[in-house]
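Participant: Once you've had a glance at the structure underneath, I'll fire off some questions.
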Amino acid sequence: MVDVKNVSKGYNKKNVITDVSVKIAKGKITSFIGPNGAGKSTLLSMISRLIAKDEGEIYIDGMDLTRCKNNDLAKKISILKQSNHINVRLTVKELVSFGRFPYSQGRLTKEDRRLVNEAIRYMELEDIQHKYLDQLSGGQKQRAYIAMVIAQDTEYVLLDEPLNNLDMKHSVQIMKTLRSLADELGKTVVIVIHDINFASCYSDYIVAMKDGRVIKEGTTDEIINPTVLNEVYDIDFKIEEINREKICVFYS
Amino acid sequence: MSNKSKLIGLAVVAILLAVAFIFIDLGNNWDYALPRRLKKVYAIILTGGVIAFSTLVFQTITNNRILTPSIIGLDSLYLLIQTFLIFVFGSMNSLVTNENVNFLISVGLMVMFAGLLYKMLFRGDGQNIYFLLLVGIIFGTFFGSITEFMQVLIDPNEFMVVQDRMFASFNNVKTDLLLIATIAVILVALYSVKLIKYLDVLSLGKDQAVNLGVDYDYVVKRLLVVIAILVSISTALVGPITFLGLLVANVAHQFLNTYRHSYLIIGSVFISIIALVGGQLIVERVFTFDTTLSVIVNFVGGVYFIYLLLKESKSW
Amino acid sequence: MKLIYLVISFIVLAITSLFIGVQNISPLDLFQLTEEQIHVLLVSRVPRLLSIILAGVGMSICGLIMQQLTRNKFVSPTTAGTEDSARFGILVSMMLFSGAGQFVRVLVAFFFALLGSFIFMKLLDKVKYKDAIFIPLVGMMFGSIVGSITTFFAYKEDLIQNMSSWLQGNFSMMIQGRYELLYISIPLIVIAYLFANKFTIAGMGEEFAVNLGLNHKQIMNIGLMIVALITAIVVLTVGMIPFLGLIIPNIVTMYRGDHLQKSLSHTALLGAVFVLACDILGRVVIYPYEVPIGLTVGVIGSGIFLYMIMRRKAYE
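First to last, the protein sequences are chains A, B and C.
For what it's worth, the numbering used here labels the leading residue of the first sequence as 135, then goes sequentially.
For what it's worth, the numbering used here labels the leading residue of the second sequence as 4, then goes sequentially.
For what it's worth, the numbering used here labels the leading residue of the third sequence as 107, then goes sequentially.
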């Protein structure tokens, strides 16, 4: 379990995150939603230790984040951020192989190779595994990065806006993959997402943030609710149930 | 052509050039010329290797191919030290003429400066590496202003000595210096062996490197120190060759087309040797010493670099 | 800071400047000036004062124009390679047209300064990593490459010490007969005033400008030509004054915001005041000798630039 306690972070005397506490359940998909500037990405970066917090504590499986060795953390928690412009020429396979770095520091063992191949197969990348990243479409690239994260074989997988720049078909594909990561592989998936309907259809828990604070958290059912969403986004919502999924309509 | 064969090809060319340099036109006084040439070739190999390595690693850390470690102000500082010593103590003073003392002073001051610069970099959260470089360049201009001021005032005869230091030259590298430099390089190399495995991951960028478990601050800090020491050594050994590293690192990347630093480092070292030995050959046999190696290298490196920047393709 | 304070400081400093020098002239003498004193005033003091003002105003405005055109507050003739290109142009004119008069030299220097600026603008287009701090880095790298090309040729012609002494920013040479070229910058500054708003719009991008009915390319070119010409003139007559175009507009933006029309006058005045102050400092500090303006501004300018970017810190 990820336990965030009273975390704050500020830049130049302006608080981006104020006194946030949240617990993230194991083996489920938890989505962070909220308007722009709510602090979702910042919180995610702090949980994954990409940036330092100013106040508060973060525990992963009972261990204080700041006391953990970075290499150990890399085997427990992985993060994929939005912007991944790498200017190195890598093939899909080479990228995915990097996921094994925390374990073998660059020298791949038989076991590593097996896991890399499995990750490639899981993400259906076998056909293009020898292509260079810059030859791929946005959707394929994203799948490659997720394959790397799978190869990293961590219990906690954090993704910051994984659907950015993806078309509809690939967005659905990625969300289905994340769902299976939780259901089949038992991983704890935490995503920052701004598309409320994807959050509704695929998450188990939702944490709603606004102005640097958590204003509501709970199961998807509890959060996808006109009153709650109105408070979060400052617009009116109508919720329709289609195919047993709650769909939000907020377009007028 | 596989990368392995490319590396072998480079090695062969480097060896051939070195051999050509040593043995062609040896003339009758070969017992005088041979040891001199051997020393020159050795100095070239040492400097070339050091510059290639430090620039390559520096570019990986900064995720950027148009930068070179000497722009953080080390070259300007070196010139300032030399000009200052000659200006204040005169060119006959032992601080100037005693190569070893001069070497130690120069390297010492340069490394101290680099250390100060790094302290400033790692102070804040979110300070990026370009900040360090910009600060370095400003210091470079600052040092340059003071140096130029002194240079204008220096007696023209003394200035000849200063001008000598402005440009890298392999013509008169003393044996003792080579000895100190070699020992220093070996020590630094031993220290950095453990850090090399992180280079491939570092080239993915800071976020990915941290994600994959690299202790980013620790590794980068140490690598930067290694780079500073190596650049100081090579500058103090033969003088400033600012753009050699730039030229060599980019050619290595283009020629070898891989992300693996094991290949890149070896390749760039060979390319560096080829460039320097070839360049020195041109300086000696074609230009007959009318210009110096560093001037040519900077010129070629500079022009190549502008061409690189103007080409389509890369995103910096 | 109100305009009035700047105007007052300007007048006070200007008058002070007239009365500092080896020849003793004090304000009290104004009513009974000897022949000699009049001579000194007309031949040396007044021209010096005028050139300080013109150089200070000219370079500051150049910086402002460049910053408006590129929407980047770190761009200036020093950090975009313009000064270095002008310097190269002067070397070329020294080598190829050594007999020619000042007019020819200005034209050659102008041509190269313009060329350098165009190349820099092209580089800006290619640079996709638009972190504001990265741009001056590229500019200064470009500048030092041009510098090394200059050195290459200067070395061949044995002109290095010569060039250094000539091109170092120095107002002591500004006497009657040697500074008049600076007057050309006056109409240029006037044009800059007239085009101020257009530069701002052009800086926002081609589509934006076209949308508002402006010929984008034409405005850009006019702006760059003004900058290149003023820079060439100042470098040719006074010498290189680093960072001036960079720090003055930035100090003005800090207390005035970016509204162009108002900040123009402030920039011009502050530029003059700053250079006046530095020059007076340089003349007083080791009286009766002087510290050349290139050095004073180089040192103080570096300090201010450093302070500016440190303040910027963790905005990323």
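Every residue, glycine too, gets a C-beta built ideally from N, C-alpha and C.
With a 10 Å radius around its C-beta and 16 neighbouring C-beta atoms as the bar for buried, classify A:Arg241 as buried or exposed.
Facilitator: Around the beta carbon of A:Arg241, a 10 Å sphere encloses fewer than 16 other beta carbons of the protein chains shown; the residue is thus reported as exposed.
Participant: What whole-angstrom Cβ distance do A:Ala316 and A:Val323 have, given they're in contact under 8 angstroms?
Facilitator: Rounded, the Cβ-Cβ distance is 5 angstroms, consistent with contact.
Participant: CA-CA distance, B:Gly118 and B:Ile108?
Facilitator: 15 angstroms
Participant: Taking Cβ-Cβ distances shorter than 7 angstroms, what residues in chain B pair up with C:Pro348?
Facilitator: Thr144, Ser148
Participant: Please report the residue range of the beta strand (DSSP E) in which A:Val341 lies.
Facilitator: 339 to 344
Participant: For C:Ala383, collect the residues of the same chain with a Cβ closer than 7 angstroms to its Cβ; drop the 5 residues on either side in sequence, then sort them by chain order.
Facilitator: Leu119
Participant: Beta-carbon within less than 6 angstroms of A:Met180's beta-carbon, same chain only, minus the 5 sequence neighbours each way: which residues are those?
Facilitator: Lys187
Participant: Find the nearest neighbour of B:Thr86 within the set B:Leu41, B:Leu181, B:Arg168, B:Thr295, judged by alpha-carbon distance.
Facilitator: B:Arg168
Participant: Rounded C-beta distance between A:Tyr266 and A:Leu224? I'm assuming under 8 angstroms.
Facilitator: 7 angstroms
Participant: Within the continuous alpha helix (DSSP H) that includes A:Val141, where are the two ends?
Facilitator: First-last for A:Val141: 136 to 145, but that is the beta strand (DSSP E), not the alpha helix (DSSP H).
Participant: Please classify C:Ser204 as buried or exposed, where buried requires at least 16 other C-beta atoms within 10 Å of its C-beta.
Facilitator: exposed
Participant: What does B:Lys328 reach in chain A if we use C-beta pairs closer than 8 angstroms?
Facilitator: Shown here, chain B extends from 4 to 319; a query on residue 328 of chain B therefore has no answer.
Participant: Hey, C:Met201 and C:Leu273 are a contact pair by Cβ (cut 8 angstroms); roughly how many whole angstroms apart?
Facilitator: C:Met201 to C:Leu273, Cβ: 14 angstroms. No contact.
Participant: Can you give the beta carbon distance from C:Leu352 to C:Ser182, rounded, assuming they're within the 8 angstroms contact cut?
Facilitator: C:Ser182 and C:Leu352 do touch by the CB rule: their CB atoms are close to 4 angstroms apart, below 8 angstroms.
Participant: From this set, A:Ile211, A:Tyr145, A:Glu189, which residue's C-alpha is nearest A:Lys160's C-alpha?
Facilitator: A:Ile211
Participant: Jot down the residue ranges of each uninterrupted beta strand (DSSP E) in the stretch 347 to 378 of chain A, minimum 3 residues, whole runs only, in chain order.
Facilitator: 347 to 353, 372 to 376
Participant: Indicate the three-state DSSP secondary structure (helix, strand or coil) for A:Asp206 in the structure shown.
Facilitator: helix
Participant: Can you have a look at A:His264 and say buried or exposed, based on whether 16 or more other CB atoms are within 10 angstroms of its CB?
Facilitator: exposed
Participant: Reducing DSSP to helix, strand and coil, say where C:Met280 ends up.
Facilitator: coil
Participant: Cα separation between B:Leu198 and B:Ser265?
Facilitator: So the two alpha carbons sit approximately 12 angstroms from each other.
Participant: Suppose the cutoff is 8 angstroms on Cβ atoms and the five residues either side in sequence are ignored; what does the same chain contact list for B:Leu284 look like?
Facilitator: Leu20, Ala23, Phe24
Participant: What are the partner residues of A:Leu293, as DSSP defines its beta bridges?
Facilitator: DSSP output for A:Leu293 lists A:Leu214, A:Ile325 as bridge partner(s).
Participant: For A:Val383, which of helix, strand or coil comes out of DSSP?
Facilitator: strand
Participant: Does the stretch 266 to 286 of chain A come within contact of the stretch 229 to 240 of chain A, defined as at least 3 CB pairs closer than 8 angstroms?
Facilitator: yes
Participant: If we count the other Cβ atoms within 10 Å of its Cβ and call it buried at 16 or more, is B:Leu59 buried or exposed?
Facilitator: buried
Participant: So what's B:Gly129 in DSSP terms, helix, strand or just coil?
Facilitator: Reliability fails at B:Gly129, whose pLDDT of 49 lies under 50, so the model's placement of it is uncertain and the value that follows must be treated cautiously. Looking at B:Gly129 - three-state DSSP - the assignment turns out to be coil, as it is neither helix nor strand.
Participant: Please report whether the beta-carbon of B:Asp128 lies at a distance below 8 angstroms from any beta-carbon of chain A.
Facilitator: Confidence is the limiting factor: at B:Asp128 the pLDDT is only 49, short of 50, which leaves the residue's position unreliable and the question unanswerable from this model.
Participant: Taking beta-carbon pairs under 7 angstroms, can you tell me which members of the stretch 257 to 272 of chain C lie near chain B?
Facilitator: Thr257, Phe258, Tyr261, Lys262, Ile266, Gln267, Ser270, Ser271
Participant: Could you check whether B:Phe145 and C:Val405 sit closer than 8 angstroms to each other, using their CB atoms as the reference points?
Facilitator: yes
Participant: Can you tell me which of the three DSSP states B:Glu287 falls into?
Facilitator: helix
Participant: Would you call the stretch 322 to 341 of chain C in contact with the stretch 287 to 294 of chain C, where contact means no fewer than 3 C-beta pairs closer than 8 angstroms?
Facilitator: yes
Participant: Please confirm whether B:Phe56 and B:Ile268 have their CB atoms less than 8 angstroms apart.
Facilitator: yes
Participant: Can you name the residues of chain B whose CB is closer than 7 angstroms to the CB of A:Lys147?
Facilitator: Result: empty, since nearest Cβ-Cβ is about 14 angstroms, beyond 7 angstroms.
Participant: Are the CB atoms of C:Gly245 and C:Phe216 nearer to each other than 8 angstroms?
Facilitator: No, Cβ-Cβ distance for C:Gly245 and C:Phe216 is not below 8 angstroms.
Participant: Cα separation between A:Val383 and A:Glu375?
Facilitator: Whole-angstrom Cα-Cα distance: 11 angstroms.
Participant: Does C:Gly407 come out as helix, strand or coil in the three-state DSSP assignment?
Facilitator: helix
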